[in-house]
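The structure appears below as structure tokens.
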Ligand SMILES: [Zn+2]
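Residue numbers (our numbering): 13 to 621.
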């Protein structure tokens, strides 16, 4: 295909403008089609559980699928964030509302408690490279540029120290889990249509390159390991992974060999006191649960009861988003709250049952919206956290026998608080550039969730369900962007929806519609906020009957499926809209189900006395 394209393009140049300078075919390709880089990692690491230091080798085969010539590459060295004076440390000590888990703790770490990642050697196709360590980023000047379509091999030797656990990863968590090994290896930064994403690690989330991982972890034989990837030598390991007779090699160490195909991260955790249970999801993956046997009886019981609930959650998400594509998923006690990774999550374990299921539901939903639909989380955190929160609230309602008509009401409450607080920044803000942690949190989780829930109000619930499935089907194993999502909704509905993305996710414009006047059968509504919306409204007549109305939004160029009486459309620029109802009116209520994130509900209702 590529060759034919070049050939035709060449002819075009020949016939149309033979004597003018033409752009090369590769440059034009920059504006067409989707591409993503590819990595194949092979790592062998040895962990010393007495001093939490590790050594490793990494062979990385990098395929440049971009149309661009690369002269540099960047790696993340996330563990370097856990050093006094790091950007994460200083940011935490200068932001008005620091994360209580971090506070000033990084600044107080002693040399044997900090985290670090040292690269001691790096070669490109066998030739030694020069590089600089700049905080949490390794900047590498290439020996030879990498051409479009070229594969190169980077061979690295590195060593590291696992920090005392401050945030997400580390040793000796507050609950006593020995090793939470997340973002622990030199990790190639992503290069995509927006260029390099060598973001420093200041505390927020991640963006990685898709590829295949082959990882061998050598560790004290008493440690039980869980994480990303399929164990290749279960009968040399045992620890609940065995499929037959266990034959452990002699010595104090075990070598755990994992393969993880089509992932953009590799995470593991280990502890000598892990219980390891498994449960098979029918027609789905094997679930693994790793949690400390020293937990109090009440918590141990909760971890047992969690297992069939996780089966239900896996089935819920597979049905409502799309089938989970891996053969394995692990829920592991570790970390400092709940965090999503490839084929696994690390969660804290001392939780009441509802909280344990809730955090598992949220982190498991991330397998779809963070891991498989791998948006750049630094830029589009709200698509990750918000969509995850949306679907996990529905899943919790289903598996915990809730009967809420709208399980997302808390998200609406959070968003409306933020929108009226004066602290809101648009969802286009980089995750690290929020003035307040709280504003980031509400934006990512609550406003992102409202974006999805409210889209159901705009296009109809069945259309939203179809949109979510098509989005997954079209963009799994890629890096979708906001426009990919809204275009999917447009393709399902044939509506024009760019205004919804622009106003809600790219500005801080707010929604405020009101009932301005009612007289006899006549209703006048007004648009007070800048954001356009279609309107659902219910009228109660003086004879006691009610009627639902729907006012389409002109710029949407379509009407959602509804049983309500549909009125003529309302063009956004007109501040008011008047229509006549069929009978004398007693009261008018805009959006009675409160699916619209209207920031002032007082004027949504009008009642004749
Ligand atoms: Zn989350």
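Yeah, the Cβ is synthetic: ideal placement off N, Cα and C, and Gly gets one too.
What is the DSSP secondary structure of residue i, reduced to helix, strand or coil?
{"i": "residue 610", "result": "strand"}
{"i": "residue 350", "result": "strand"}
{"i": "residue 380", "result": "helix"}
{"i": "residue 132", "result": "strand"}
{"i": "residue 58", "result": "strand"}
{"i": "residue 580", "result": "coil"}
{"i": "residue 4", "result": "No information on residue 4 is available, as it lies outside the stretch 13 to 621 that the chain covers here."}
{"i": "residue 90", "result": "helix"}
{"i": "residue 6", "result": "The structure shown does not extend to residue 6, since the chain is modelled only from 13 through 621, so no value can be given for it."}
{"i": "residue 139", "result": "strand"}
{"i": "residue 369", "result": "helix"}
{"i": "residue 31", "result": "Note that residue 31 has pLDDT 38, beneath the 50 cutoff, so the model's placement of it is unreliable and no number is given."}
{"i": "residue 603", "result": "coil"}
{"i": "residue 246", "result": "helix"}
{"i": "residue 185", "result": "coil"}
{"i": "residue 594", "result": "coil"}
{"i": "residue 21", "result": "For residue 21, the predicted model reports a pLDDT of 39, less than 50, meaning its position is unreliable; a value from the coordinates is still stated below. Residue state, collapsed to three classes: helix."}
{"i": "residue 409", "result": "helix"}
{"i": "residue 4", "result": "Residue 4 falls outside the range modelled here, since the chain spans only 13 to 621, and no answer is possible."}
{"i": "residue 7", "result": "Residue 7 is absent from the structure shown; the chain starts at 13 and stops at 621."}
{"i": "residue 68", "result": "strand"}
Measuring only the C-alpha atoms, how far is residue i from residue j?
{"i": "residue 570", "j": "residue 578", "result": "12 angstroms"}
{"i": "residue 377", "j": "residue 474", "result": "20 angstroms"}
{"i": "residue 424", "j": "residue 458", "result": "7 angstroms"}
{"i": "residue 401", "j": "residue 392", "result": "14 angstroms"}
{"i": "residue 11", "j": "residue 483", "result": "No answer is possible for residue 11: the residues shown for the chain start at 13 and end at 621."}
{"i": "residue 445", "j": "residue 302", "result": "36 angstroms"}
{"i": "residue 174", "j": "residue 361", "result": "21 angstroms"}
{"i": "residue 204", "j": "residue 329", "result": "28 angstroms"}
{"i": "residue 421", "j": "residue 469", "result": "13 angstroms"}
{"i": "residue 192", "j": "residue 273", "result": "22 angstroms"}
{"i": "residue 604", "j": "residue 73", "result": "57 angstroms"}
{"i": "residue 547", "j": "residue 618", "result": "15 angstroms"}
{"i": "residue 156", "j": "residue 372", "result": "46 angstroms"}
{"i": "residue 625", "j": "residue 206", "result": "Outside the displayed span of the chain (13 to 621) sits residue 625, for which this structure offers no information."}
{"i": "residue 336", "j": "residue 325", "result": "11 angstroms"}
{"i": "residue 496", "j": "residue 314", "result": "39 angstroms"}
{"i": "residue 226", "j": "residue 102", "result": "36 angstroms"}
{"i": "residue 79", "j": "residue 85", "result": "15 angstroms"}
Buried or exposed: residue i, going by 16 or more other Cβ atoms within 10 Å of its Cβ?
{"i": "residue 519", "result": "exposed"}
{"i": "residue 306", "result": "exposed"}
{"i": "residue 359", "result": "buried"}
{"i": "residue 620", "result": "exposed"}
{"i": "residue 557", "result": "exposed"}
{"i": "residue 161", "result": "exposed"}
{"i": "residue 434", "result": "exposed"}
{"i": "residue 471", "result": "buried"}
{"i": "residue 199", "result": "buried"}
{"i": "residue 214", "result": "buried"}
{"i": "residue 63", "result": "exposed"}
{"i": "residue 46", "result": "exposed"}
{"i": "residue 142", "result": "exposed"}
{"i": "residue 48", "result": "buried"}
{"i": "residue 342", "result": "buried"}
{"i": "residue 239", "result": "buried"}
{"i": "residue 108", "result": "exposed"}
{"i": "residue 431", "result": "buried"}
{"i": "residue 158", "result": "buried"}
{"i": "residue 257", "result": "exposed"}
{"i": "residue 70", "result": "buried"}
With a threshold of 7 angstroms, establish whether the CB of residue i neighbours any heavy atom of ligand 1.
{"i": "residue 357", "result": "no"}
{"i": "residue 400", "result": "yes"}
{"i": "residue 392", "result": "no"}
{"i": "residue 378", "result": "yes"}
{"i": "residue 397", "result": "yes"}
{"i": "residue 219", "result": "no"}
{"i": "residue 352", "result": "yes"}
{"i": "residue 374", "result": "yes"}
At least one CB of chain D closer than 8 angstroms to the CB of residue i: is that the case?
{"i": "residue 73", "result": "Looking for chain D here will not work: only one protein chain is present."}
query: Which full runs of the beta strand (DSSP E) of 3+ residues lie inside the region 484-531, going along the chain?
result: 525-531
- prompt: Where in the region 248-319 do unbroken runs of the beta strand (DSSP E), each at least 3 residues long, occur, reported from the N-terminal end onward?
  reply: 265-275, 280-283, 286-292 and 298-304
task: Ignoring anything shorter than 3 residues or poking outside the region 156-200, list the beta strand (DSSP E) runs there in chain order.
output: 163-173 and 191-193
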